[in-house]
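Read the structure below first, then the notes.
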Amino acid sequence: SGPGEARSVPAAADGRLVQPDSTGAPAPADTAGGGTTDTAGGSTADTAGGADALQLTLLFEHEERGPITAVATMQGMLLCAVGQKVAIWSCRNGELRPAGFHYAGFTAACLSTMGNYALLGDALRGLHLIAWNQKKKCFEARSQRIDARAAFACEMLLEAPPAGVGAGGAPGGGLLLALAEEGPRMRIFGYSRQDVEASNGSILLPKMAFHTGATVNQMIRLSVAARAADGGNRPMHRSGAVGAVAGAAGAGGAPLPRQAVLYSTLDGAIGVLCPTEESTFRRLFFLGQKLASTLAHVGGLNPRAFRAQGSGALSEAELSRAADGGLLRRFAALGNGAQEKIAQQIGTSPRVLLQNLEALDVASAVL
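Put into structure tokens, the structure is as follows:
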């Protein structure tokens, strides 16, 4: 701009929805060593000798009045969080058109979807579960938790009865909601319309809480090795995972699908929140208690107290629904005599414990 000319500067808080289209097209050779840009607003990558390159063409653009803090997909539509408003967009005639919106909390910091359900984590406080009604073309508020702290990441996963959650289990079945709150902690809430304490599903019930050691900033829901529908101890699928001791029957004896949450922290760590059967979890939980009291730990620190401090748990039950995988794996490094002694104290055998640990390793091998 020259002197005296007005410049159009976008507001720092404005957001923009952009829908690009990627097509493979031959790009001209760049003799100057830089990339090329087309006249329609798209761009191509650097190529050597005019080889095929990926070209992006702008299809749709929309300005928002506030910052876009999170996006997600829901049943072929786009879910977009702008401040406290969550809008859903559908693609018609090559353009994105608004289909509905919902106001919740203060500022939606993270989004997660499963089917027609959407989980909103608020940047200040609160966790909201809403559902998209396709017939009425609107969102319906299903449940919330207003005492949750600032959300960094959230995710949903199914809890097929009688399975549990965590590196251990939370019995009951239904929809589990994982929330990474402000500070190095993660909490799990349950959504159920059958539970009396949930007031017909309007209140999210706390299921589990533990200290992660660092702030979790991202979560991804993944499928893990399924368990046998008949609950037999036998290999399953290509992974060779050990089956559950007791499980819900599937149609035709088919293995029951399972889900896990892969999460990352701000200090570069990666962890897995992996479900397991109730009976297996109880055995591993008691093993963790014995290992915490019998093994020598760095600096004399208690690993169970480390997972409990700052976890945000409201009751002892929340702390008893998670087992530390790093602590449990120390059992495999013990000698035969030490393994036999610890196994007898919890009423089982080293072979069963090693099988459970192997199954847990297979189920959490999501990378």
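Counting in the numbering used here, the sequence shown runs from 104 upward without gaps. The C-beta atom is built at its ideal place from N, Cα and C for all residues, glycine as well. Computed from a predicted structure; not experimentally measured.
| query | result |
| --- | --- |
| Determine the contact status of residue 327 and residue 257, defining contact as a CB-CB distance below 9 Å. | no |
| Per DSSP, residue 362 is paired with what? | 326 |
| Report yes if the CB atom of residue 124 is closer than 9 Å to the CB atom of residue 160, and no otherwise. | yes |
| So does the segment 280 to 291 actually touch the segment 386 to 401, counting three or more Cβ pairs closer than 8 Å? | no |
| Taking just the CA atoms, how far does residue 438 sit from residue 484? | The structure shown does not extend to residue 484, since the chain spans only 104 to 470, so no value can be given for it. |
| Buried or exposed: which applies to residue 242, given that a residue is buried once 16 or more other Cβ atoms fall within 10 Å of its Cβ? | buried |
| Whole angstroms is fine: what's the gap from residue 416's alpha carbon to residue 408's? | 12 Å |
| Buried or exposed: which applies to residue 239, given that a residue is buried once 16 or more other Cβ atoms fall within 10 Å of its Cβ? | exposed |
| Return helix, strand or coil for residue 187, following the three-state DSSP convention. | coil |
| Leaving aside the five residues before and after residue 200 along the sequence, list all residues of the same chain whose C-beta is less than 7 Å from its C-beta, in chain order. | 192, 193 |
| Would you mind sorting residue 424 into buried or exposed? The rule is 16 or more other CB atoms within 10 Å of its CB. | buried |
| Within 10 angstroms of its Cβ, does residue 119 collect 16 or more other Cβ (buried), or is it exposed? | exposed |
| Let me know the alpha helix (DSSP H) ranges lying completely inside the segment 382 to 445, each 4 residues or longer, listed in chain order. | 406 to 411, 419 to 422, 428 to 431 |
| Sort out for me which residues DSSP pairs residue 313 with in a bridge. | 289 |
| Starting from the Cα of residue 384, find the closest Cα among 447, 463, 315 and give me that residue. | 463 |
| What's the C-alpha gap between residue 262 and residue 197? | 38 Å |
| Quick check on residue 467: buried or exposed, where buried means 16 or more other Cβ atoms within 10 Å of its Cβ? | buried |
| Would you say the beta carbon of residue 185 comes nearer than 8 Å to a heavy atom of the ligand ZN? | Absence of the ligand ZN is noted for the structure shown, with no ligands found whatsoever. |
| Where does residue 248 sit, in a helix, a strand or coil, going by DSSP? | strand |
| Quick one: any contact between the segment 295 to 302 and the segment 429 to 437, if contact means 3 or more CB pairs under 8 Å? | no |
| Quick check: residue 211 and residue 184, are their CB atoms within less than 9 Å of each other? | yes |
| Could you check what DSSP says for residue 464 in three-state terms: helix, strand or coil? | helix |
| Are the beta-carbon atoms of residue 294 and residue 246 separated by less than 9 Å? | yes |
| Determine the direct distance from the alpha carbon of residue 226 to that of residue 172, and round the result to whole angstroms. | 10 Å |
| Just grab the DSSP bridge partners of residue 375 for me. | 365 |
| Under the three-state reduction of DSSP, which class applies to residue 301: helix, strand or coil? | helix |
| Consult DSSP for residue 193 and reduce its assignment to one of helix, strand or coil. | strand |
| Exposed or buried, residue 440, counting other C-beta atoms within 10 Å across all chains shown (16 or more means buried)? | exposed |
| Can you name the start and end residues of the beta strand (DSSP E) that residue 307 belongs to? | Here residue 307 belongs to no beta strand (DSSP E), and DSSP marks it neither H nor E. |
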